[in-house]
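Colleague:
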């Protein structure tokens, strides 16, 4: 099947009312004649539509470029409301992000390697060459990018690298750990703690090991009450090493803020899977860096703790082979991958019913951690929010089936065992977009329902229902929201009809959330098209990184 891309989607998408308003506002100040102003308006609408889809820039033909260069609100290769650079058009802010980030990353990448490296081969008993390269790159260079799929040992590698840093530079070395979302930070904490528990570290290193990972927002001291984060170029972060997990989720603006806030001699380690979905916001920074800075990249290739059948399906999707992907999904016999039959929704509801009954049997809060563990074993991932096979409808139908069993109220309100996902950050409550909580009784409040959240330290924290920020039912979640998570059994649900939002990165991300079992609910045409369609983010970052100084 011919590979598809997102290239035609920019022009095909209908501009939003905001796009039209912004284009009209800029056109009024462009100082152009009527005919040129009409063309200018259309071009800016196209740029705003592209930005909403994650693209940094759009390409201009020669007549379009002439119109834009004649406008008073357009600068050429310098800061302005709009910027023409080569044959591309940017909003000025994103042009500055791209240029300054490229220059900073290129400078860090080009820093002379540290020749004094002592590898601890005991940390790598099987002598995996890709892991050894990652350790060497991290210890030698100011910028290290580690890319690998699930089960390639990224967390084990991180713990090894941090241990070697502390052994080499002493316990005073300050290391910051971060991830793009609260959920990804919590997952990073859990994985690192699990690794540390199996190591016999010297007391000095154990004491100096960095504490809990933070979200990038919290690391930088960002707040909704101020436009300027606490840490920036004039007040840099207090770390000699900063490690960012799930870096594929970091957009251009956030990466620019992070790199701008580093001390001149600080090291940056980015860890992620380049084949996953790019950030919800603009750009595909991790993939651009991997493509453009090979001397600073270690790609992990050996799989350690990942089901072989799931790994093979993920590989077929990654390679854009829709035929092979469908063949593996529909292969007969019991295996880790299965095609959902007509009873798939009943099977999901039965799992949810068993969970609710376990909640009702749990006598006190000592059993609540086990409930969180059980809930994390199983998840339904939907490609879209709306429609018959969308996240909202699946959640509604599950709760309707629970109501028929007397396990949930018919009006969809709160009940014991209801899972919810936070959809807005609340720094005061320390709750962040993507955090998952369970509605459970509070024995200290006469059994009144509270929403409980697992914290990075392994403890639970409860909140009155009225204090929870915007949240939605989470028996099912979107694939985008699942990034940074792992579940034993995942049910992947695609819509019945093809859509431009369906792409191989989306399907790969969904499949690689599963550790032991996958149920794939989709038809053949949608599966093949999804696996064969590759998303392309339009950006000049890769090209700038390949040019000296990012110029």
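Numbering (my numbering), first residue to last: 127 to 677.
Just so you know, even glycine gets a beta-carbon here, dropped at the ideal spot from N, CA and C.
Of the residues 592, 186 and 365, which one's Cα is nearest the Cα of residue 298?
Modeller: 365
Colleague: List in chain order: all unbroken alpha helix (DSSP H) runs of 4+ residues lying wholly within the region 292 to 339.
Modeller: For the region 292 to 339, whole alpha helix (DSSP H) runs of length 4 or above, ordered along the chain, are 308 to 322 and 329 to 334.
Colleague: In the structure shown, what three-state DSSP assignment does residue 533 receive?
Modeller: coil
Colleague: Go ahead and label residue 141 buried or exposed: buried means 16 or more other beta carbons lie within 10 angstroms of its beta carbon, across all protein chains shown.
Modeller: Burial is judged here by how many other beta carbons sit within 10 angstroms of a residue's own beta carbon; residue 141 has at least 16 and is buried.
Colleague: Helix, strand or coil for residue 663 per DSSP?
Modeller: coil
Colleague: Drop a sphere of 10 angstroms on the beta-carbon of residue 217, count the other beta-carbons inside from all chains shown, and report buried for 16 or more, exposed for fewer.
Modeller: Per the 10 Å Cβ criterion, buried.
Colleague: Counting Cβ pairs closer than 8 Å, one from the region 642 to 651 and one from the region 530 to 543, do we hit at least three?
Modeller: Touching, no, given that fewer than three Cβ pairs across the two stretches are closer than 8 Å.
Colleague: In chain order, what residues of the same chain have a beta carbon less than 7 Å from the beta carbon of residue 157, not counting five sequence neighbours either side?
Modeller: 197 and 198
Colleague: Consult DSSP for residue 568 and reduce its assignment to one of helix, strand or coil.
Modeller: strand
Colleague: Short check: CB of residue 390 to CB of residue 509, under 8 Å?
Modeller: no
Colleague: If you check the beta carbons only, do residue 549 and residue 597 fall under 8 Å apart?
Modeller: yes
Colleague: Please list, in chain order, all residues of the same chain as residue 206 whose beta carbon is under 8 Å from its beta carbon, the five residues on each side excluded.
Modeller: 199, 200 and 218
Colleague: Our contact map puts residue 426 next to residue 256 with C-beta atoms below 8 Å; I'd like the distance itself, whole angstroms only.
Modeller: Between residue 256 and residue 426 the Cβ distance is about 5 Å, and since that is below 8 Å, they are a contact.
Colleague: Considering only their Cβ atoms, is the gap separating residue 276 from residue 98 smaller than 8 Å?
Modeller: Past the boundaries of the shown model lies residue 98; the chain is included only from 127 to 677, so the question cannot be answered.
Colleague: Which residue's Cα is closest to the Cα of residue 236: 188, 284, 423 and 313?
Modeller: Here the closest residue by C-alpha is 423.
Colleague: For the alpha helix (DSSP H) that contains residue 494, what are its first and last residues?
Modeller: 494 to 501
Colleague: What number of angstroms, rounded off, separates the C-alpha of residue 672 from the C-alpha of residue 363?
Modeller: 27 Å
Colleague: Any idea what DSSP makes of residue 194, helix, strand or coil?
Modeller: Taken through DSSP and simplified to helix, strand or coil, residue 194 comes out as helix.
Colleague: By the 10 Å Cβ neighbour count, where 16 or more other Cβ atoms means buried, how is residue 608 classified, buried or exposed?
Modeller: buried
Colleague: Determine the burial state of residue 279: buried for a count of at least 16 other Cβ atoms within 10 Å of its Cβ, exposed for fewer.
Modeller: buried
Colleague: What whole-angstrom Cβ distance do residue 355 and residue 302 have, given they're in contact under 8 Å?
Modeller: About 14 Å; that fails the 8 Å criterion.
Colleague: I want to know whether the region 657 to 672 touches the region 626 to 638 - three or more CB-CB distances under 8 Å.
Modeller: Yes, since at least three Cβ pairs between the region 657 to 672 and the region 626 to 638 fall closer than 8 Å, the two stretches touch.
Colleague: Compare the C-alpha of residue 341 against each of 372, 360, 293 and 181 and name the closest.
Modeller: 372
Colleague: Between 384, 374, 307 and 368, which lies nearest to residue 287 when the distance is taken from Cα to Cα?
Modeller: Restricting attention to 384, 374, 307 and 368, the CA atom closest to the CA of residue 287 is found in 368.
Colleague: In angstroms with no decimal places, state the Cα-to-Cα distance between residue 247 and residue 294.
Modeller: In this prediction, residue 247 scores a pLDDT of 42, lower than 50, which makes its location untrustworthy; no coordinate-derived value is stated.
Colleague: Spatial neighbours of residue 464 within its chain, please: CB distance less than 6 Å, with the 5 preceding and 5 following residues excluded, ordered by chain position.
Modeller: So the qualifying residues of the chain are 645.
Colleague: Could you give the residue range of the beta strand (DSSP E) that holds residue 506?
Modeller: For residue 506, the enclosing beta strand (DSSP E) has its first and last residue at 504 to 508.
Colleague: Are the region 259 to 276 and the region 304 to 316 touching by the rule of at least three beta carbon pairs closer than 8 Å?
Modeller: no
Colleague: In three-state DSSP terms, what is residue 248?
Modeller: Unreliable placement is indicated for residue 248, whose pLDDT of 45 sits below 50; no coordinate value is reported for it.
Colleague: Could you round the C-beta distance between residue 358 and residue 386 to whole angstroms and report it? I think they count as a contact, below 8 Å.
Modeller: 6 Å
Colleague: Using a Cβ-Cβ cutoff of less than 7 Å, which residues in the same chain neighbour residue 145 once the five nearest sequence positions on both sides are dropped?
Modeller: 171, 174 and 175
Colleague: If you measure between the beta carbons of residue 405 and residue 376, is that distance less than 8 Å?
Modeller: yes
Colleague: Roughly how many angstroms lie between the CA atoms of residue 161 and residue 193, to the nearest whole one?
Modeller: 10 Å
Colleague: Please go through the region 160 to 240 and give each complete beta strand (DSSP E) segment of 3 or more residues, from N-terminal end onward.
Modeller: 200 to 202, 208 to 211 and 214 to 217
Colleague: Once the 5 residues before and after residue 459 are set aside, which same chain residues still bring their CB inside 6 Å of it?
Modeller: none
Colleague: Starting from the Cα of residue 551, find the closest Cα among 343, 165, 268 and 238 and give me that residue.
Modeller: 343
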